[in-house]
Amino acid sequence: MYLTRLEERMLAGEYGYAAQKAMEILVALGKVYGAERMIKIRSAQISGVSYGNLGEEGLEFLLKLAEDGRVRVPTTLNPCGMDLEKWGEMGVPEDFAERQLRVVEAYRKLSVEPTLTCTPYLAGNTPRLGDHIAWSESSAVIYANSILGARTNREGGPSALAAAIAGRTPLYGLHLDEARAPTVIVNAPKIRGELEASALGYRVGRILGSGIPFFRGLETVSRDQLKALGAGLASSGGIALFHVEGITPEAHTHAEVRAEDKIEIAEMDLQEEIEILSDDFSDSDLAFIGCPHASIEELTELYLLLGNRSAKRRFWVFASRAVRAQAERMGLLRRLEELGVKVYCDTCPVVAPLNKLGIKTVITNSSKAAYYLRNLHGVRIQLKPLRRLVEDIVR
Ligand code: F3S
1 MYLTRLEERM
11 LAGEYGYAAQ
21 KAMEILVALG
31 KVYGAERMIK
41 IRSAQISGVS
51 YGNLGEEGLE
61 FLLKLAEDGR
71 VRVPTTLNPC
81 GMDLEKWGEM
91 GVPEDFAERQ
101 LRVVEAYRKL
111 SVEPTLTCTP
121 YLAGNTPRLG
131 DHIAWSESSA
141 VIYANSILGA
151 RTNREGGPSA
161 LAAAIAGRTP
171 LYGLHLDEAR
181 APTVIVNAPK
191 IRGELEASAL
201 GYRVGRILGS
211 GIPFFRGLET
221 VSRDQLKALG
231 AGLASSGGIA
241 LFHVEGITPE
251 AHTHAEVRAE
261 DKIEIAEMDL
271 QEEIEILSDD
281 FSDSDLAFIG
291 CPHASIEELT
301 ELYLLLGNRS
311 AKRRFWVFAS
321 RAVRAQAERM
331 GLLRRLEELG
341 VKVYCDTCPV
351 VAPLNKLGIK
361 TVITNSSKAA
371 YYLRNLHGVR
381 IQLKPLRRLV
391 EDIVR
């Protein structure tokens, strides 16, 4: 693998321990994937921030890197295990909180911006068409590749951190034109709302496992529905890029789709997917939206659906601090809070220690959350579109 003089010197340890470790990881990765050289990146986004995932060993590694390491490009963080300001109100145990704060502090020392969101593109880290980046949250990776037209492989937390410290990543996979062509055409039914978009993604990801779908029939899809579609695709499958005819920025370069495979998804398939992911129970411990983190449009829609009715049960919204601040400036946050809605930042339902909070049954509108909460935390799930979810919590 060709390395520039600077890259060689980083690898030799002339720029310190962290830069050397970063280059070791990147060179090893490049060799595995046959990369000929590195490419400079414009931003990084790091997952694996929850103390629950990192553990003591992960924290020690971060602290060691932070002794002499600094990131070379703007870098943001995925959600951690709690709202940094309201963890007490969420019911997060103190020993967990203390360790989680140490993790975030270690990233701060590395000059990483603790945005703690899976929607960095709604919080200031918004790449442009053609930008090379190294992101690791799967729902953000697929959004950046597909909707923004940036270029990133699906990095792991360590390789995204290494890329951030070195300011580069091996040139292979989705950084290359030829790897971005569709591999299968998907004829989709008309989508009504975020849950159907999420279920469509989950269904197609489950059928394909990998590859690059080219969707037809989604002409009226909204930005939030694309966000939900991508998160679904990336959670049931290893998919990191999709195209939507007439909508996504690279779709027109594949107007003549050569993919021979074609799948048809009908409206009833989406309902079936929703049923497969849903359990039977009458009382929920928690209802939430915001997987991926909610946009300002979603918060507005929630407010409109609530009307003047208050939530009678525990109802959480997960959003980035940037979106929360926007809602605060608009007066929307105060109105939602008056109706009993809690808006939490920095965290998400899957990485927060829900089991320690005694939460066993959940209603949500995200197939990704349903999949992970069931499989990682043994939580029972009901999937409902936002409109029905709201009717449930005001009763
Ligand atoms: Fe985001 Fe957590 Fe869902 S990271 S995509 S809210 S599982």
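So the sequence shown is numbered by my numbering: it starts at 1 and just counts up by one. Backbone N, C-alpha and C define an ideal beta-carbon position, used for all residues, glycine too.
Annotated three-state conformation of residue 242 is coil, per DSSP.
In chain order, 303 place their CB closer than 8 Å to the CB of residue 335, counting only its own chain and leaving out the 5 sequence neighbours on each side. Within the same chain, and ignoring the five residues on either side of residue 369 in sequence, the residues whose Cβ sits closer than 6 Å to its Cβ are 291, 349. Beta-carbon to beta-carbon, residue 112 and residue 46 are separated by about 7 Å, close enough to satisfy the 8 Å threshold. In the three-state DSSP reduction, residue 187 falls in the strand class (E or B).
Beta-bridge pairing by DSSP links residue 87 to no other residue. For residue 137, the shortest separation between its Cβ and any heavy atom of the ligand F3S lies below 7 Å. Burial check for residue 365: the Cβ neighbour count within 10 Å reaches 16 or more, so the residue is buried. Note that the C-beta distance between residue 371 and residue 277 is below 8 Å.
The three-state reading of DSSP puts residue 353 in coil, since its state is none of H, G, I, E or B.
Within the model, the alpha-carbon separation for residue 317 versus residue 15 is close to 43 Å. By the neighbour-count definition (other C-beta atoms within 10 Å, threshold 16), residue 180 is a buried residue. Just so you know, the alpha carbons of residue 247 and residue 279 end up roughly 34 Å apart.
When the Cα atoms are used, residue 164 and residue 37 turn out to be separated by approximately 17 Å.
Remark: C-beta atoms of residue 201 and residue 146 do not approach each other more closely than 8 Å. Under the DSSP definition of a beta bridge, residue 213 partners with 184. Placement of the Cβ of residue 58 at a distance of 7 Å or more from every heavy atom of the ligand F3S is found. DSSP, reduced to helix, strand and coil, places residue 42 outside both helices and strands of the structure shown, so it counts as coil.
Judged by DSSP in its simplified three-state form, residue 313 adopts coil rather than helix or strand. In chain order, 7, 10, 11, 166 place their CB closer than 7 Å to the CB of residue 23, counting only its own chain and leaving out the 5 sequence neighbours on each side. Secondary structure at residue 294: strand, using DSSP grouped into helix, strand and coil. Judged by beta-carbon spacing, residue 359 lies beyond the 8 Å limit of residue 262, meaning their Cβ atoms are not closer than that value. Going by DSSP, residue 323 is part of the alpha helix (DSSP H) stretching over 321–330. Between the C-alpha atoms of residue 222 and residue 76 there is a straight-line separation of about 25 Å.
For residue 80, the closest alpha carbon among the candidates 384, 374, 393, 354 is that of 354. Counting only residues of its own chain and dropping the five nearest sequence neighbours on each side, residue 120 has a CB closer than 7 Å to the CB of 45, 76, 140. CA-to-CA, the gap between residue 58 and residue 341 works out to about 34 Å.
Along the length of the segment 2–70, whole alpha helix (DSSP H) runs at least 4 residues long occupy 5–11, 17–32, 51–68, reported in chain order. The closest heavy atom of the ligand F3S lies less than 7 Å from the beta carbon of residue 293. Looking from the CA of residue 21, the closest CA among 84, 53, 3, 69 belongs to 69. Per DSSP, residue 344 is one residue of the beta strand (DSSP E) stretching across 342–344. Look at residue 390 here: in three-state DSSP terms it is helix. Distances taken from the Cβ of residue 173 to the heavy atoms of the ligand F3S include none shorter than 7 Å. Distance from the C-beta of residue 369 to the nearest heavy atom of the ligand F3S is below 7 Å. Note on residue 136: 16 or more other CB atoms within 10 angstroms of its CB, so buried under the neighbour-count rule.
One alpha carbon belongs to residue 63, the other to residue 142, and they sit about 30 Å apart.
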